[in-house]
Amino acid sequence: MSKVFLTGPDGLLGSNIVRELLHRNYEVRAMLYHNKHPITLIGLPIEIVYGDISDKDALIELSKGCDYFINVAAITDMWPSRGQKYFRINVKGAENAVEAVLKNKMKRLVHVGSASSFGYGTIDKPGNEMSDFKSGKYKVDYIDSKRDGQLKVLEAVKEKGLDAIVVCPTFMIGPYDSKPSSGTMIIAIVKGKMPAFSSGGKNWVYVKDVSTGVCNALTMGRSGEAYILGGENLTYVDAVTRIAASVGQKKIPKFIVPNGILKFIGLLGTLSGAITKKAPALTINLANIACDGHYFSPQKAIDELKIPQTPIEIGVKEAVDWFQENKYL
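Quick note on numbering: our numbering labels position 165 of the sequence shown as 187, and the sequence is numbered without any gaps.
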């Protein structure tokens with residue numbers, strides 16, 4: 023039985039990857055940051071170890087005896103927009119994962135990047151893995167550091183003989199979102215508290231389709247390649263309308279906030295955050311992102327990693343069920 027070393031096992035994606043690996047009869051050694059005890063992993067037959075991905079020597083030691091390495095660990099905060107912590111985890115962490123795989127002679131590294139590392143397109147002509155990076159204009163270190171991290175992995179394939187694939191999810195929806203990411207929006211819609219639409223949109227994907235693609239990448243796909251793990255391209259208006267319909271919520275926003283007004287609100291939020299040192303609900307960076315359409319094609323991953331294409335309503339239902347079971351709703 024093959025053993026997988028997994029970082030970041032407790033988040034939305036990691037928790038679903040753990041379950042997919044177990045379903046495929048892999049042994050799982052999951053690395054948590056220090057003494058965390060996440061509800062998403064309770065009762066699962068996995069080996070838990072504690073460590074910090076920025077500690078190369080510890081990572082090498084903790085991953086000894088494993089056949090594969092899946093690197094999900096990342097700082098995904100969007101505020102503050104700048105900070106060295108992003109590069110310590112998202113870039114140095116990726117480099118350390120590379121060294122651990124090489125040192126321990128593992129079969130493959132599957133590194134989780136971000137679709138934002140590629141240029142987005144329109145709904146009619148979505149971006150793909152060949153599209154030039156556009157999102158540097160948002161001046162968000164999370165985005166920049168995720169791109170830098172996956173470039174480090176791909177460089178190691180060329181320069182060090184590493185066997186590695188980079189998988190790049192879009193906006194994921196589904197269960198086990200214990201620190202609600204997409205779940206924040208779902209909870210707001212269920213409660214009828216979604217205030218308004220923005221003019222942009224994005225690619226929305228069922229998290230279990232992503233976890234399937236990640237696990238398939240252990241033995242499928244081409245080393246040195248990156249794959250966008252995505253689903254449907256939808257405007258925020260279309261996505262929220264469909265999500266609301268799927269949960270039986272008739273109270274949805276009535277209008278789209280003009281871009282100029284949204285960005286002004288974001289600017290006020292940024293100024294407030296700078297004064298109070300508390301994360302605002304909206305920053306100028308997030309407002310700029312929300313005004314654009316971040317549309318991508320998952321066709322390469324469909325063809326080579328056999329990623330399914332499940333309607334987002336399935337992910338919404340499972341997310342809502344999990345939130346209700348765990349008293350988020």
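Think of the CB as a built atom: it goes at the ideal place given N, C-alpha and C, for glycine as much as any other residue. Everything numeric in this text was worked out from a predicted model, so none of it was measured.
- About 6 angstroms separates the beta carbon of Gly196 from that of Lys230, a gap short enough to meet the 8 angstroms contact definition.
- Pro320 has its alpha-carbon roughly 12 angstroms from the corresponding atom of Met152.
- With distances taken between CA atoms, Leu176 lies nearest to Gly135 out of Gly135, Leu293, Gln331, Asp74.
- Sequence-distant Cβ neighbours of Asp199 in its own chain, meaning closer than 7 angstroms and more than five residues away, are Leu34, Gly205, Ala341.
- DSSP, read as helix, strand or coil, puts Trp226 in strand.
- Taking the CA atoms as reference points, Lys272 sits about 15 angstroms from Met207.
- For Glu326, the closest of Tyr249, His316, Gly73, Val262 by C-alpha to C-alpha distance is Tyr249.
- Inter-residue distance for Gly222 and Leu256 is about 9 angstroms (C-alpha atoms, whole angstroms).
- Residue environment analysis places Leu293 among the exposed positions, since fewer than 16 neighbouring C-beta atoms fall within 10 angstroms of its C-beta.
- Taking the C-beta atoms as reference points, Tyr108 is found nearer than 7 angstroms to Asp163.
- In this structure, Lys168 and Asn112 form a Cβ contact; the two beta carbons are roughly 5 angstroms apart against a cut-off of 8 angstroms.
- Only residues of its own chain outside the window of five on either side were considered, and among them Lys25 have a CB closer than 7 angstroms to the CB of Gly87, listed in chain order.
- In the DSSP secondary-structure assignment, Gly143 is bridged to Tyr317.
- Nearest in C-alpha terms to Leu43, of all of Lys125, Ile92, Tyr55, is Ile92.
- Inclusion of Ala239 and Val94 in the CB contact set at 7 angstroms is not warranted, their separation being larger than that value.
- Going by C-alpha positions, Thr62 is about 6 angstroms away from Ser37.
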